[in-house]
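Structure record follows, encoded as structure tokens.
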Amino acid sequence: MTYDQRRLPASDYNRLVDLDIRRPRSGHRGIRGGKRNHQNINQQQEGRTNGQLKVGLINCQSSRNKSDLIIDHLKDHDLDLLALTETWLKENDSVAAGNITPAGFSLISVPREHRRGGGVALLHKSSLHVKAQGFGHDKPRSFEITECDLSYDNATLKLAIVYRPPPSSKNRSSFSDFIQEFSSLLDKYVLFTGKLLILGDFNVHWENENSNETSRLMSLLHDHNLQQHVVGPTHESGHTLDLVIGRVGEECLETVEIGESLSDHSAIHCKLHLRKPKAVKRVIQFRKIKAIDSTTFSSDIEKSELSSSDASLTAETLLHKYNVVMGELLDRHAPQRSCVIIDHPAIPWYNQEIADAKRKRRQLERKWRRTGLSVDKQLFKDQRNLTKELFKVAKSEFWNDLIMECGSDQKALYGIISQLLHQKTSASKKMPQHLTDDDLAVDFSRFFVGKIEKIRECMPATQVLPNGQPSRDCDAHLTLIHPTCPEEVKRIIHKTSAKTCSLDPVPTVLVKQHGDLLALHISCLINASLRDGVFPDCLKLAYVTPVLKKSSLDHNDLANYRPVSNLPFLAKVTEKIVASRLTAYLQGNDLHECLQSAYRKNHSVETALLKVSDDILTSIDCRKAAALVLLDLSAAFDTIDHAVLLERLREDFGIEATALQWFESYLNDRRQAVVINGNLSPETTLSYGVPQGSVLGPLLFTLYITPLGSIIQRHGLSAHFYADDTQLYLTFDPKVGGAEERAAAAISAAIEEIRCWMRRNFLKLNEKKTEYLLLSSPHMGNKITGTPILVGEEAVSPNNKARNLGVVFDRTMSMKDHISRVCQSAFYHLRRIAEIRHCLTRSAAENLIHALITSRLDFCNSLLVGLPSSAIKRLQAVQNAAARLLMGIRKFDHISPTLHELHWLPVHCRVQYKILLLAFKALHNLSPGYVSALISNPVITCPADFTSDTLTVSFLVYVTDNADPAPSLTYDPLGPGSTFPHGPTTVTVTATDSSSNHDSCTFTVTVTVPCGHPVRASRSTIEILSGVYVQDTRVRYSCSEGWEIEGTAERECDNGQWTGSTPVCRVAAHLRCMLPDRRSRGERYSITGFAGNVVDEGLPIGERVSISVSCNQGYTAQPAVQTACLKRGVWSVDVPICEPVPQPPPQHDEFSSESEWYW
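Residue numbering for the sequence shown follows my numbering, beginning at 62 and increasing consecutively.
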């Protein structure tokens, strides 16, 4: 007979089913142990069997290492309640408790107190109304129990889960104690009017009726009209230890079966005469995106209208074409489908290998129970352990792969850890209490819009720039935003996050996969938008998600939420292109606020705080103090006035014509709808603000508040901005009387002007969040009185510490509070990682540690430089603990080899490395200008070597630096205006800025003062031996023929003067006519016709003179003569001389014979 002949017709089979006489089909698991206990159990059914409530009992002997097996057991047997004994859970052990609690279930656990092991628990479906009952001070000591009430159909079922540990020296409990306390418990249950079910491990050999303990327990149950329903061994030793107890005659239990073994105990399965809770059904809509064939999808794009685009079309037309075509392609390749699902306990790492191992485990278990052989028992145990190990390996691989895929994404890793630790409800995702999601979405929408309207009602309706006067000069102009190209669009598409907005026609992942084909059409769309100055209306709609600002805030207060916009993907691409053009324009024309560190390349929170802390520490080093004020805005992005912003873009930043028209189109007619779990509020039009979560919004906000910098400078304050967080600080000398009060007054005046400016610009300063610090050294702190400042009408006193952009500043800048906060946060996350370390590989665990621990140690660690080693050691303890957790070493093992093996720099080295990294970036123009000023040397330019013709030398040295004040200059050996020596002098000029950075240059000054033309003596000539009458020039004198030098014949120019005296030319002795030397007669010659000293020097040959002579008394002069000096020194005419006057002869006698005259 063939199979078809043996098969009953469908009509006959259905008839047998109706008569309930067909053979029941065995499940794929069969009947565990082959035994059912039907004695004294009501066999009547109400409805079908699979509609009854199912209860299980397992002695799991530590649920901590069997969580996957427990969840798998729940799923396989479709249990509604599962009683667990020997859970080994600890008090507040949320991780282990969460591991055994699948989705859709709740756990009631009573751990053992003060000792490990033991513990009882109840897993129940969340849809069941189960309430735990406490014992208070009447809690029994000889056994552990949890008591729960299950409410159903206006009745109650009391479930008592009992675990009686074997007597030992630790628990000091005897069986008599147990009988006494259990009897008291049963006495209480006698008065309970609902149904009763007691399950648990009593550690009594129930099958041995001759045992004293068994007989006493049987007698106790009989006395209280109770009956035990488990038949057969529940322990691998062959004893019946796990019991199910109910009232005699009570229609509660349908069946009791012995199931498979998860430990050395077998599971017990019961069916109750209670209806199974209705399954929670959900309708979901989905598309099989992963099933799309990429090649076919690409081919369809190439055949569509998107493969070629008409550049003359408008952006609206091109966008409509894109949405229609992509939507049709998506419907063709992945049509949307609906499905009704029921939530079941799920194990995401369940695989076919585990399923095969479970199947083999069941086969070996059935064989062992059938044969009872030890060898079959051992084979079953080995297979059971193998199945358990497969669960463990699969779970580890599943989570490790997820962790490695996240990389350094802290948000994603935090979510994975929360799942592993079963912290399913993140504080940031909590929502206020509400009836429906639609109502909550409407409430949020009204609140967000009403909040802005309320703020603006307090603002004056005046313009910021009266008479069109800009707040800053701008000579640059941006009239047209430069178009894009397909290559740039491709790069942006691939770099943009794959997050999808429900406004997108297709998931972003498909756009990224086929970006090469779509780039041409998208670039044409964007260029049309930029060309016409129109931002498409479809891209102006945003879906807003409320996000709790801080996890510690009250999640029922709508004011504690900020709206984060989710924009269409093409809107983000367009904004990124415009933002890149706008940023390049601002940088190229130096229009950025130099002290704004938000949303700028190479700028960060750390660079901002590094600048502020350096200025403050510098003042403290100079024995001064600093007043620091932290300002915050309320709904800063949402209150921006569009008209004011457009005016500022035009006047302050030179954006005009089509470019300004595009920004106007981008800002106007924006709409938003709040979404809560897929439920949307009605759309509302936004008349103010820029969308949070957009690309251009933050950049436009920084441009909006640019005038604040000039306001603060007018009051002599220093400032730094990070988006809407503003830091004001001022240095003062506490030793000077009244300095602190004057500083407080200056800050108060600046804040008041800032408040007025913000009111005119429709911004609101949040006075409640304003924080004030007075920073100084501990010694100077004693001289500070704590003068408050005025913020509006409120006096704000200085705090001891304040959180500034994630870093805690204290009054002495010791960073102790910040380090404590870092350690606290790091150790918290380290404990969370430790709880799941057993299921992580080393690489996955290291990835978690770097993302959650190391990142906290490195955050702004450049501010820790110079701190004492005792402070750094606290952070080093965190790193050491992380290394020990990762490598599994003991607490007192040496940590240095472990850090070396992991290639982890110690904390103090990480601080030094960060400083070196910032210095490197500063030196290579990879950091903000204000950081470069802290490390970059001033640039000094000296003049080239030059020569000066004066002793007083003047010169100019040029210095450029990006820090205030200007660098100081020092000169070595002499500066400008000094008297330099003759000759070369090497001058070294050094420029030093306020951060002790310096630069130097050298040049040579050669002083060569001219001596002028040397004096020329009569009858002489001058021969220049070297130079031209300048320093070290030598000259030689020579006389005409017949003349000879008297004096130094050579002279040298030295210090602007000729050495020695001017020589004279005298007639050579052998070439001149000398006057007779008769000075005894008083001859005094008068010579005309020659300028020389003829008397002393004679008359040179060839000269003609007129000579006359005068004589002393008694002498007579000859007449003057005209004479000349002939060759060989002979006068042509004798020179007149003085001769004695002739004397008359003496009177003699006439008879005298003498008659001569005497001279």
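Glycine included, every Cβ here is placed at the ideal spot set by N, Cα and C.
**Request:** Note down the Cα distance separating Leu425 from Pro566, rounded to an integer number of angstroms.
**Result:** 54 Å
**Item:** Other residues of its chain near Leu501: CB distance less than 7 Å, five sequence neighbours each side excluded
**Value:** Met492, Pro493, His495, Ile737
**For Arg233, the nearest candidate out of Ser368, Thr217, Phe204 (CA to CA)** = Phe204
**Prompt:** What are the boundary residues of the beta strand (DSSP E) that Trp1104 is part of?
**Reply:** 1104 to 1107
**Backbone CA spacing between Leu323 and Ile222 [nearest angstrom]** = Roughly 18 Å between the two C-alpha positions.
**Request:** Could you say which of Val1125, Asp154, Ala193 lies nearest to Ile897 if we only look at CA atoms?
**Result:** The residue with the shortest Cα to Cα distance from Ile897 is Asp154.
**Request:** Please name the residue, chosen from Ile161, Leu670, Thr275, that lies closest to Asn922 on a Cα-to-Cα basis.
**Result:** By alpha-carbon distance to Asn922, the top candidate from Ile161, Leu670, Thr275 is Leu670.
**Prompt:** In or out: His394 buried (at least 16 other Cβ within 10 Å) or exposed?
**Reply:** buried
**Request:** Spell out the partners DSSP gives Tyr622 in its beta bridges.
**Result:** Answer is Leu609.
**Message:** With H, G and I counted as helix, E and B as strand and the rest as coil, what does DSSP make of Gln1230?
**Reply:** This structure leaves residue 1230 out entirely; the chain is present only between 62 and 1220.
**Message:** Given a cut-off of 9 Å on the beta-carbon distance, is the pair Ala994 and Ser1061 in contact?
**Reply:** Not in contact: Ala994 and Ser1061 (Cβ atoms no closer than 9 Å).
**Request:** Give me whichever residues DSSP pairs with Arg882 in a beta bridge.
**Result:** Answer by DSSP bridge pairing: none, since Arg882 is not bridged.
**Message:** Rounded to whole angstroms, what is the Cα-Cα separation between Leu539 and Asp593?
**Reply:** The straight-line gap from Cα to Cα measures roughly 15 Å.
**Message:** For Val857, report the span of its beta strand (DSSP E) as first-last.
**Reply:** 855 to 857
**Request:** Report all residues from its chain with a CB closer than 7 Å to the CB of Leu824; omit the five preceding and five following residues, and keep chain order.
**Result:** Leu694, Ala697, Thr700
**Thr763 in three-state terms, based on DSSP** = helix
**Message:** Please list the terminal residues of the continuous beta strand (DSSP E) segment that includes Thr1047.
**Reply:** 1044 to 1053
**Request:** Using alpha carbons as the reference points, say which of Phe1064, Glu1111, Cys331 lies closest to Gly261.
**Result:** Cys331
**Prompt:** So, are the CB atoms of Thr846 and Glu801 less than 9 Å apart?
**Reply:** Cβ distance < 9 Å, so Thr846 and Glu801 count as in contact.
**Proximity winner among Asn822, Asp676, Glu450, relative to Phe762 (alpha-carbon distances)** = Asn822
**Request:** Determine the DSSP secondary structure at Cys683, reduced to helix, strand or coil.
**Result:** coil
**Message:** For Ile587 and Thr545, which I take to be in contact (beta-carbon distance under 8 Å), what is that distance rounded to the nearest angstrom?
**Reply:** 5 Å
**Request:** May I ask you to list the residues that DSSP assigns as paired with Ile206?
**Result:** Val223
**Request:** Under 8 Å by Cβ, that's how I've got Pro597 and Leu834 pegged, so tell me the actual separation to the nearest angstrom.
**Result:** Their Cβ separation, rounded to whole angstroms, is 48 Å, which puts Pro597 and Leu834 out of contact at 8 Å.
**Request:** Please report how far the alpha carbon of Arg1133 lies from the alpha carbon of Val1170, in whole angstroms.
**Result:** 19 Å
**Message:** Taking the beta carbon of Phe953 as the centre, do at least 16 other beta carbons fall within 10 Å, making it buried, or is it exposed?
**Reply:** exposed
**Stretch pair the segment 308 to 325 + the segment 338 to 355: three plus CB contacts closer than 8 Å** = Verdict: no, contact absent.
**Request:** Evaluate contact between the segment 679 to 694 and the segment 780 to 791, counting only Cβ atoms and requiring at least three cross-stretch pairs below 8 Å.
**Result:** yes
**Beta-carbon proximity of Cys658 to Val666, cut-off 9 Å** = One detail in the question is off: residue 658 reads as Ser in this sequence, not Cys. Contact: yes.
**Item:** Alpha-carbon to alpha-carbon, Asn621 and Lys231
**Value:** 52 Å
**Prompt:** Measuring CA to CA, which of Lys127, Asp139, Leu728 is closest to Asn160?
**Reply:** Lys127
**CB-CB length for Glu636 against Leu757, believed under 8 Å** = 5 Å
**Message:** Quick check on His283: does DSSP put it in helix, strand or coil?
**Reply:** helix
**Prompt:** When you compare only the Cα positions, how much space is there between Ile119 and Leu140?
**Reply:** 12 Å
**Request:** Just confirm the distance between the C-beta atoms of Cys313 and His334, as a whole number of angstroms; I'd bet it's less than 8 Å.
**Result:** 6 Å
**Proximity to His185 [Cα-Cα], best of Thr1109, Leu142, Met876** = Leu142
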